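Chemist: In terms of my numbering, the sequence shown is residues 20 to 465.
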Amino acid sequence: MPFSTLRRVLSEFPAYQWLWGLLYLENSKAAEAKTVPHSQNLAITNHILDILESYGKNCKTADGREQPNWLGTEKFFDMVSKQVAANQVVKMILPAFPWKSINTVDKVIGRLPDLGEVLALARLNTMCKEIRKVYLPGAEVTIATDGLVFDDLVGISDEDTWAYSEGLMSILSSKGFSGIKMLRVMDILDLVKEEKMTKELYLSLVETCRLKLFQGYAQMEEEVRDMIKTDPDTLMTYCGFIRFLETDLRYSPVAKNTLSGQQYRKCVKRVALGMMIRAESFTKLIQDRCPGFVRLSIHPSSGAVKLSIPLIIQKSNEFPRTPWHCAIAVGIDGSYQTIHAKNARQTHNLIEVDGLPHYYREKSGLWDWEDDNAVFEPQYPNGMLVRPLRQTKGDSQFLQVHHILKLRKLASIYQGPIKVIGFANSMQVFPQRDSEQQVVQVQASL
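(1) Alpha carbon to alpha carbon, how far is G322 from G235?
(2) Compute the distance between the beta-carbons of R297 and I112, then report whether it is under 8 Å.
(3) Only counting runs of 4 or more residues, tell me where the alpha helix (DSSP H) segments fall wholly within the segment 421-450, in order along the chain.
(4) Thinking C-alpha only, which one of H421, S197 and Q447 is nearest E159?
(5) Would you report the Cα separation of Y183 and F169, rounded to the nearest angstrom?
(6) What does a CB cutoff of less than 6 Å around V124 pick up in its chain, not counting 5 residues either side in sequence?
(7) Starting from V402, follow its DSSP beta bridges and name the residues at the other end.
(8) Does the segment 284-302 come close enough to the segment 255-262 that 3 or more CB-CB pairs lie under 8 Å?
(9) Per DSSP, what are the beta-bridge partners of L315 in this structure?
(10) Starting from the Cα of L369, find the closest Cα among S279, E149 and D133 and give me that residue.
(11) So for L369, helix, strand or coil by DSSP?
(12) Let me make sure I understand the geometry here. Which of E242, L304, P397 and F263 has the alpha-carbon closest to that of T341?
(13) Hey, how far is the Cα of N336 from the Cα of T302?
(14) May I have the straight-line CA-CA distance separating M3 from L326, to the nearest angstrom?
(15) Contact defined as beta carbons within less than 8 Å: I believe T64 pairs with V99. What is the distance between those atoms, to the nearest angstrom?
(16) Measuring straight from C-alpha to C-alpha, what distance separates F116 and Q451?
(17) How far does the alpha helix (DSSP H) with R244 in it extend, from its first residue to its last?
(18) I207: buried (16+ other C-beta within 10 angstroms of its C-beta) or exposed?
(19) Given a cut-off of 8 Å, decide if I175 and V109 are closer than it, judged by their beta-carbon atoms.
(20) Express the C-alpha separation of R427 and T253 in angstroms, rounding to a whole number.
(21) Assign P376 to one of three DSSP states: helix, strand, or coil.
(22) What does the alpha-carbon distance come out to for the pair S445 and G186?
(23) How many angstroms separate the CA atom of S300 from the CA atom of A393?
(24) Candidates R409, D390 and L222: which alpha carbon is nearest Q419's?
(25) For D250 and V243, I'd like the C-alpha separation in whole angstroms.
(26) Alpha carbon to alpha carbon, how far is P319 from C78? Give it in angstroms, no decimals.
(27) On a Cα-Cα basis, can you pick out the residue from N60, H57, Q59 and F96 that is closest to F312?
(28) In whole angstroms, what is the alpha-carbon distance linking Y399 and R142?
(29) Roughly how many angstroms lie between the CA atoms of G40 and N144, to the nearest whole one?
(30) Taking the beta strand (DSSP E) that K119 falls in, what are its first and last residues?
(31) State the beta-bridge partners of I199 as determined by DSSP.
(32) Considering only residues of the same chain and omitting the five flanking positions on each side of V225, which have a CB-CB separation below 6 Å?
(33) Work out the CA separation of M403 and V448 for me, nearest whole Å.
(34) Within the same chain, show all residues whose beta-carbon is closer than 6 Å to that of C286, passing over the 5 residues directly before and after it, in chain order.
(35) Can you grab the Cα-Cα spacing for the pair R284 / E265, in whole Å?
(36) If you run the structure through DSSP and keep just helix, strand and coil, what is L44?
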């Protein structure tokens with residue numbers, strides 16, 4: 020029986036929780052040793068793969084059915100098993116988070132990371148935390164940010180790519196996402212030693228990175244064309260490039276000289292092929308410099324050679340757009356939708372954080388308060404934190420009766436937990452629920 024199944028079964032029988040505790044204790048003891056016994060390695064590896072699979076989403080089969088199992092389980096079993104046997108951190112790598120789309124007219128709400136990136140990084144970090152619960156050394160996702168690999172092809176400046184990556188670094192630091200680390204191309208190529216990465220250093224290394232990448236790992240155009248024809252996963256990635264480029268390049272200098280629809284479509288396909296060539300080169304670099312890493316992907320795939328992970332979970336359960344190609348729309352029920360900005364402007368309000376656009380929130384009197392004395396902050400995975408807009412030391416703020424009634428109505432619709440803090444009468448919003456939570460906390464401390 021897989022470790023994860025055993026845990027689920029035991030969780031339904033409180034009287035047997037001691038058995039799960041014993042198994043976890045043995046796992047912890049193994050983590051202190053230099054190696055893990057084979058039988059325990061098998062159970063832990065299966066459990067880790069179960070967790071990874073629960074975060075993935077494979078493409079449907081040719082006849083439209085959901086794939087019952089992750090096709091890459093066998094491929095990655097040995098990889099994970101070796102790391103577990105050596106008592107090492109389970110390492111994963113995800114080429115992603117390049118830059119925000121150049122199309123700030125129709126698609127995105129700015130050049131910098133927003134709620135989409137926060138939710139995506141939180142999901143990856145939570146996956147690592149779940150693995151650590153069953154395997155003490157834990158897991159780590161390395162994000163290989165690939166912006167400079169492609170930005171010149173689509174008309175995005177190296178300066179914007181740098182600013183976006185710095186925004187990601189800031190999120191990782193401020194949110195304490197310790198399960199994630201980020202590498203730029205110059206880090207993977209080992210061009211940066213002890214120096215602190217600065218904007219000036221980054222910009223000075225961009226062309227060197229591209230040159231080394233293409234000289235050492237370039238794929239021939241004919242090879243990539245053959246892969247598109249013969250490999251389903253490569254074809255899906257190529258088609259994905261075409262889909263987003265059809266909207267991106269409309270506001271890019273790359274396509275400014277296209278005078279007809281036919282010329283524009285040719286430009287889109289030319290850029291998509293160029294991106295495929297560079298993507299395959301970057302893949303070869305990662306395989307060379309990061310052997311033994313479980314390969315994650317933000318592109319839909321069969322799952323045979325990589326695990327495709329939706330970064331945002333939507334109500335529709337469809338594979339989402341990536342945060343850098345959309346805006347996040349938060350529904351009154353707490354659901355997330357990866358949406359093009361132009362499709363949210365009539366039905367949602369644009370919410371700013373620290374003076375920057377952050378996400379779209381569905382219009383509703385339940386949280387569009389005229390006096391605007393509260394902040395509603397979406398929390399991963401589907402919660403909401405409500406706090407005072409401004410609070411100074413010694414300044415007690417109260418929620419009015421109509422505020423409390425609106426929050427209670429919102430809670431009856433919202434699918435996730437709503438937490439109210441910072442107001443002098445916060446406990447009056449959900450008095451029964453908060454008192455029950457206090458009882459549980461007291462019982463847990465006894």
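The beta-carbon is built from N, C-alpha and C at its ideal position, and this holds for glycine as well.
The structure presented is a predicted model; accordingly, all values stated were derived computationally and were not measured.
Modeler: With the structure as the only source:
(1) 27 Å
(2) no
(3) none
(4) S197
(5) 14 Å
(6) Y270
(7) Before going on, a small fix: residue 402 reads as Gly here, not Val. G402 is bridged by DSSP to Q398.
(8) yes
(9) L326
(10) D133
(11) strand
(12) The residue among E242, L304, P397 and F263 with its C-alpha nearest the C-alpha of T341 is F263.
(13) 28 Å
(14) No answer is possible for residue 3: the residues shown for the chain start at 20 and end at 465.
(15) 5 Å
(16) The alpha-carbon separation between F116 and Q451 amounts to approximately 43 Å.
(17) E240 to T249
(18) buried
(19) Taking 8 Å as the cut-off, the beta carbon of V109 is found no closer than this to the beta carbon of I175.
(20) Going by the C-alpha atoms only, they are around 49 Å apart.
(21) strand
(22) Approximately 33 Å between the Cα atoms of the pair.
(23) 49 Å
(24) D390
(25) D250 and V243: Cα-Cα distance of roughly 10 Å.
(26) 6 Å
(27) F96
(28) Going from the Cα of Y399 to the Cα of R142 covers about 8 Å.
(29) Because the pLDDT at G40 is just 49, under 50, the model does not fix this residue reliably, and the value given afterwards should be weighed accordingly. Computed Cα separation, rounded: 24 Å.
(30) Counting along the chain, K119 falls outside any beta strand (DSSP E), and DSSP gives it neither H nor E.
(31) V160
(32) L167 and D177
(33) 14 Å
(34) A274 and T277
(35) 8 Å
(36) Interpretation of L44 is limited by its pLDDT of 49, a score under 50 that renders its predicted location unreliable; the figure taken from the coordinates is listed afterwards. Correct three-state label for L44: helix.
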